[in-house]
Structures are given as C-alpha cells and as structure tokens.
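Residue numbers for the sequence shown follow the working numbering, beginning at 11 and rising by one.
Working notes for the structure below.
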Amino acid sequence: MLNHRVRVAAMVAGALLAAPAVAAWAQGGTTATQTVDAMNQLWGRHPGIRANHAKGIVVEGSFTPTPEAAALSKASLFAGKPVPVTLRFSDSTGLPAIPDGVDDANPHGLSMKFHLADGGEMDVVANSLAFFPVATGEEFRDLLQALTVSGPDAAKPTKADQFIAAHPSVLKAFASASTPTSYARETYNGIDAFIFVDAAGKRQPFRFQFVPVAGAEHIAPADAAKQAPDFLQDELTQRLAKQPVAFRMMAQLANPGDQTKDPTQPWPGDRRMADLGTITITKVAPDNAAAAQALRLLPNRVPAGIEVSDDPLISARVQAYVISFGRRN
Ligand code: HEM
Numbered sequence: 011m012l013n014h015r016v017r018v019a020a021m022v023a024g025a026l027l028a029a030p031a032v033a034a035w036a037q038g039g040t041t042a043t044q045t046v047d048a049m050n051q052l053w054g055r056h057p058g059i060r061a062n063h064a065k066g067i068v069v070e071g072s073f074t075p076t077p078e079a080a081a082l083s084k085a086s087l088f089a090g091k092p093v094p095v096t097l098r099f100s101d102s103t104g105l106p107a108i109p110d111g112v113d114d115a116n117p118h119g120l121s122m123k124f125h126l127a128d129g130g131e132m133d134v135v136a137n138s139l140a141f142f143p144v145a146t147g148e149e150f151r152d153l154l155q156a157l158t159v160s161g162p163d164a165a166k167p168t169k170a171d172q173f174i175a176a177h178p179s180v181l182k183a184f185a186s187a188s189t190p191t192s193y194a195r196e197t198y199n200g201i202d203a204f205i206f207v208d209a210a211g212k213r214q215p216f217r218f219q220f221v222p223v224a225g226a227e228h229i230a231p232a233d234a235a236k237q238a239p240d241f242l243q244d245e246l247t248q249r250l251a252k253q254p255v256a257f258r259m260m261a262q263l264a265n266p267g268d269q270t271k272d273p274t275q276p277w278p279g280d281r282r283m284a285d286l287g288t289i290t291i292t293k294v295a296p297d298n299a300a301a302a303q304a305l306r307l308l309p310n311r312v313p314a315g316i317e318v319s320d321d322p323l324i325s326a327r328v329q330a331y332v333i334s335f336g337r338r339n
C-alpha cells in the first residue's frame, strides 16, 4: 500500500524537483516549516488550501456526553448538556482534487471543533490509522523530505526506501488504513495520548477513538480505485439528506505504566474503552469552501480537565498546522 503511495508522491516530487529553486527553498527554517515545505513540494501549493488533508467536507451536528465521561474528566464538554460541533471529513495528501478511492487518499481524516457552553472551543483531529508511522516531528519531516528526492529517476535504494527500512512502523501504520464505503462507516483514532483530569485532580492517560454507529465497512483496494472521484463526499451528502450520522466518542484508557510518548506504539487491545458520548451529525455546512477555510484546528486546544501528554508529536503537529494556516490565508 505505502509502496504505491511512495511511488505517486515520488513522481510528483520528481517533477517538481526539476526546478532547483524549489529544492533550495525547502532546506531552511524550523522543523515545522521544513515539514510544510516538503508537503508543498510533494503535492504543490494551492492558494487557500490545507498543506495536508486538502480535500474535505465540513458538516455540523452536536455532542451529548455520558455520565462516564463526567466521572473521568471535569472538562465542561462532559458537564451534561449537548454542545454544537463542527466536523470535517477529509482525504490524505495536499492534493485538493485527489479521487476519494485511491490508495493515497488513505488515511481519511475526521477533525472536530466543539463549541463549549462557556464560549470556549475544543479541537480533536483524528484519522483512520491505528497508530502513526513515526514518533516525532523530526522523523515525519525526514520521511516527507525523503519522499521529495525519491522520484522514478532516483538511485536505488532511494532515500525513501532507506527511511522505510530503518523505520518498520511506517509500513505497518499505513497498512492499518484502507478505503471505507462511507466517511460515516470508518473508525477514526486520535493516536496521540492525552490526559483526563477529574474533579478531585486524578489523572488518567487516554487516546480518543470515534466509532461509527453504522459499523465500519471497507472496500477491496481494486474496487476502491474504480469509485467516482468524489464518491465519499457524495455518499455522505446523500446519507445526511435522509438521516443523521452518529459516532460514539470513546477513550482507550491506559493502564498504570503504559507509555504515552510514542504514537507508533498502540496499547494492548484489552485496555478499557470508556464511552464518552455520541456525536450526531445532521447536515453539510451550507457554504462549504468558506466553512473549510474558517475551520482552524489545533490538536492541543483542550479545556481544563484534559491535558496534553508527553507525546512530542502533539507540539510538532501544532507548529506545522500554524504554518499551514498562514499559507492558506
Ligand atoms: C508530525 C506529525 C504531523 C504533521 C506535521 C501534520 C501536519 C498537518 C498539516 C500541516 C495539516 C494542515 C493544517 C491546516 O491547514 O488546517 C494537517 C491536517 C490534518 N492532519 Fe495532520 N499532521 C501530523 C500528524 C497527524 C496525526 C497524528 C493525525 C491524526 C491523528 C493527523 C490528522 C490530520 C487531519 C485529519 C487533518 C485535517 C484537519 C482539518 O480537517 O482541518 N495529522 N496535518
């Protein structure tokens, strides 16, 4: 699966690398800048469009918490009353017209902004990988940069081949995501660990998971590529015209001693899943392009009662997202 993804990305990169100025421009700046530079180099820079997960659809709904959530965290999100939520389903890559069914569109994303009763906001940005290919922002930059110089004419083994050989979690992670029959029939994972803090100050590390009430369902790769280019967007629009779409918001709770800093390492499957509530999506946002542009999500935007863990990917993501916001202004 990733081989195909690497090949396509490398072909795009190969074409762009014909312009030496682009390669030079990609060298400077912070890790976050270099990461977004590499994304722009792989997939092109498109005005007003996200550097990654460029194609998507914004929808609206509400979240109703469970008492179990309120017992785990004092966050106002879990205080009892339903709150409005804006969500965006997306395809991977910075290609704004990527066909929904191609392998490179995996993993698909689900991001959300909760509009809290006190006027604050909480963001969660999840995708359909079971765990991440690399553990740090530096490694993610290195992977993307390796892809930019691994076009069809690159000497074998390419930089991407070498990176993948040295990081076995890359192939394993990408193999954990495939094309769903519907955005509404995919499980999305938070991947990074966060920490619940309850009213008494007790701390409980966890990872978010969003489970489709309709059940997860996937398409065989050979059939996925034959789907219409916008089939996931069209299917969701038609589904929502008939009925709401629901997800259970779950939290996988760490056992004492489980590590929280490495997003390439899932916790054992027997860890308790807490049921935090239901997201009910009712409609597609009216002016979708404007709604997508206005939606700026930060993986560390969490209220009192939820804290970031020692996972370095969270801060790496925040810094890269902010660079992307600036470029899509
Ligand atoms: C170091 C690791 C990562 C980097 C550098 C990175 C970078 C980015 C960037 C630059 C964007 C575009 C932001 C914007 O303009 O709004 C983005 C979007 C996105 N990323 Fe990441 N990402 C990383 C890891 C992850 C992980 C672990 C997940 C899932 C758990 C994820 C899921 C998404 C999703 C779903 C979007 C689309 C957000 C939206 O709908 O607005 N990313 N990422």
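Positions of the beta carbon are idealized from the N, C-alpha and C atoms, including for glycine.
Nothing here was measured: the structure is a model prediction, and the numbers come from that model.
Let's see if you can read the secondary structure: which residues bound the beta strand (DSSP E) around residue i?
| i | result |
| --- | --- |
| residue 256 | 255-263 |
| residue 137 | 131-137 |
| residue 181 | First-last for residue 181: 179-184, but that is the alpha helix (DSSP H), not the beta strand (DSSP E). |
| residue 65 | Careful: residue 65 lies outside any beta strand (DSSP E) and carries neither H nor E. |
| residue 168 | Premise fails: residue 168 is in no beta strand (DSSP E) and is neither H nor E. |
| residue 332 | Careful: residue 332 lies outside any beta strand (DSSP E), inside the alpha helix (DSSP H) at 322-337. |
| residue 231 | From DSSP, residue 231 is part of no beta strand (DSSP E) but of the alpha helix (DSSP H) over 231-234. |
| residue 213 | 213-222 |
In the DSSP assignment, the alpha helix (DSSP H) including residue i goes from what residue to what residue?
| i | result |
| --- | --- |
| residue 152 | 147-158 |
| residue 51 | 41-53 |
| residue 78 | 77-82 |
| residue 123 | Here residue 123 belongs to no alpha helix (DSSP H); instead the beta strand (DSSP E) covers 119-125. |
| residue 245 | 241-252 |
Given the structure, does residue i come close to ligand 1, in the sense that its CB is under 6 Å from one of the ligand's heavy atoms?
| i | result |
| --- | --- |
| residue 217 | no |
| residue 119 | yes |
| residue 281 | no |
| residue 355 | Outside the shown range of the chain (11 to 339) lies residue 355, about which nothing can therefore be said. |
| residue 205 | no |
| residue 186 | no |
| residue 55 | no |
| residue 112 | no |
| residue 332 | no |
| residue 68 | no |
| residue 201 | yes |
| residue 228 | no |
| residue 147 | yes |
| residue 100 | yes |
| residue 249 | no |
| residue 150 | yes |
| residue 135 | yes |
| residue 60 | yes |
Around the C-beta of residue i, are 16 or more other C-beta atoms found within 10 angstroms, so that it is buried, or is it exposed?
| i | result |
| --- | --- |
| residue 163 | exposed |
| residue 270 | buried |
| residue 332 | exposed |
| residue 115 | buried |
| residue 339 | exposed |
| residue 109 | buried |
I need the straight-line Cα distance from residue i to residue j, nearest angstrom please.
| i | j | result |
| --- | --- | --- |
| residue 3 | residue 155 | Because the chain is modelled from 11 through 339, residue 3 falls outside the range shown and cannot be assessed. |
| residue 175 | residue 161 | 17 Å |
| residue 147 | residue 322 | 7 Å |
| residue 314 | residue 326 | 21 Å |
| residue 50 | residue 112 | 20 Å |
| residue 79 | residue 199 | 18 Å |
| residue 32 | residue 92 | Since pLDDT at residue 32 reaches only 38, below the 50 mark, its modelled position is unreliable, and the value read off the structure follows with that caveat. So the alpha carbons of these two residues sit roughly 48 Å apart. |
| residue 128 | residue 181 | 43 Å |
| residue 264 | residue 205 | 10 Å |
| residue 151 | residue 319 | 21 Å |
| residue 282 | residue 83 | 16 Å |
| residue 138 | residue 120 | 8 Å |
| residue 278 | residue 261 | 14 Å |
| residue 187 | residue 135 | 16 Å |
| residue 75 | residue 311 | 19 Å |
| residue 167 | residue 157 | 12 Å |
What are the complete beta strand (DSSP E) segments, minimum 3 residues, inside the region 257-302? 283-294
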